[in-house]
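Everything on this sheet refers to the single structure shown next.
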Amino acid sequence: MAPPPFSMYSPKTPEGGGGPSVAPVFGAGPADDPGYLASLRGGTELGRLRLMMLALLAAPVLILAIMPLIVEGGGGEAPAWLYPPLAAAALLALLAGPRAPRPMEPRDEREAAALAALMMFRQAVLLRFALAEGVILLGLPLAMVGHSELVFVAGFVLGYPLLVWLALPTRGGVERMRRRMESAGAESHLWAVLLAAPMAAGAAPSARETPPEDGDGG
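For what it's worth, UniProt numbering labels the leading residue of the sequence shown as 1, then goes sequentially.
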């Protein structure tokens, strides 16, 4: 049976022996990223994560589209006190989001370092997503209290750019997280594990030494 597509929600850690079954492509780097759309077809860890994030990014847009059906009498002005909580939530996401992931501790085994980096990367992406989406979702109850769609629109305007910047695993976003992981002197091998495809059940782990060829031409 194929692994579940969103297994990144698993709380298991590599130290406990329950880490993801992947064969890191040691030597891979940002230049080996085939591109956002091309990676969606590759079945790599990065491609699966990017596909999940695209699905999650669509949810706030759908809520925005049906907002007139949720908020009764939502065409009027809302009290001014409803907007500062949105600004405070956006400031929290702006300050706390870039601090994830935390710097890694150096490890002797590169396979263990790569799996730890993958787990930390997944957790950081989900934390960043939660912080940014919280800005948007906070606008929903506030809009219902104020009977104004403009409150949710304000939360969307503040939160959605943060969502894209903090949580979308673009090449630049991955590089920023890798540099933060390695700021304490550790080598994360993050790209090596992100560009690895999940192993089939029962397959023996074997790390590859060269990056995959870009078959998509992107």
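Beta carbons: idealized from backbone N, C-alpha and C, even for Gly. Remember, it's a predicted structure, so these values are computed and weren't measured experimentally.
| field | Continuous alpha helix (DSSP H) stretch holding residue 136: start and end | value | Under the DSSP assignment, residue 136 falls in the alpha helix (DSSP H) whose first and last residues are 110-146.
| Which two residues bound the contiguous alpha helix (DSSP H) that contains residue 81? | Here residue 81 belongs to no alpha helix (DSSP H), and DSSP marks it neither H nor E.
| Are there three or more Cβ pairs, one per stretch, closer than 8 Å when the region 121-132 is compared with the region 49-68? | Result yes; three or more Cβ-Cβ pairs closer than 8 Å.
| task | Enumerate in chain order the residues of its own chain whose CB-to-CB distance from residue 84 is below 6 Å, with the five nearest sequence positions on each side excluded. | result | Non-local beta-carbon contacts of residue 84 in its own chain, meaning distances under 6 Å to residues more than five positions away in sequence, are absent.
| query | Smallest Cα separation from residue 115: which of 72, 195 and 34? | reply | For the residues 72, 195 and 34, the minimum Cα distance to residue 115 belongs to 195.
| request: Look up residue 165 in the DSSP assignment and say whether it is helix, strand or coil. | output: Assigned with DSSP and collapsed to three states, residue 165 falls in helix.
| Beta-carbon proximity check, residue 82 vs residue 146, cutoff 8 Å | It is a contact, given that the beta carbons lie within the stated cut-off.
| request: Ignore the nearest five residues each way along the sequence and tell me which others in residue 30's own chain have a CB closer than 8 Å to its CB. | output: Counting only Cβ-Cβ distances below 8 Å, and skipping sequence neighbours, we find 171, 174, 175 and 191.
| task | Look at the alpha carbon of residue 105 and the alpha carbon of residue 143, and state the distance between them as a whole number of angstroms. | result | Going by C-alpha positions, residue 105 is about 44 Å away from residue 143.
| field | C-alpha gap between residue 28 and residue 159, whole angstroms | value | The alpha-carbon atoms of residue 28 and residue 159 are separated by roughly 33 Å.
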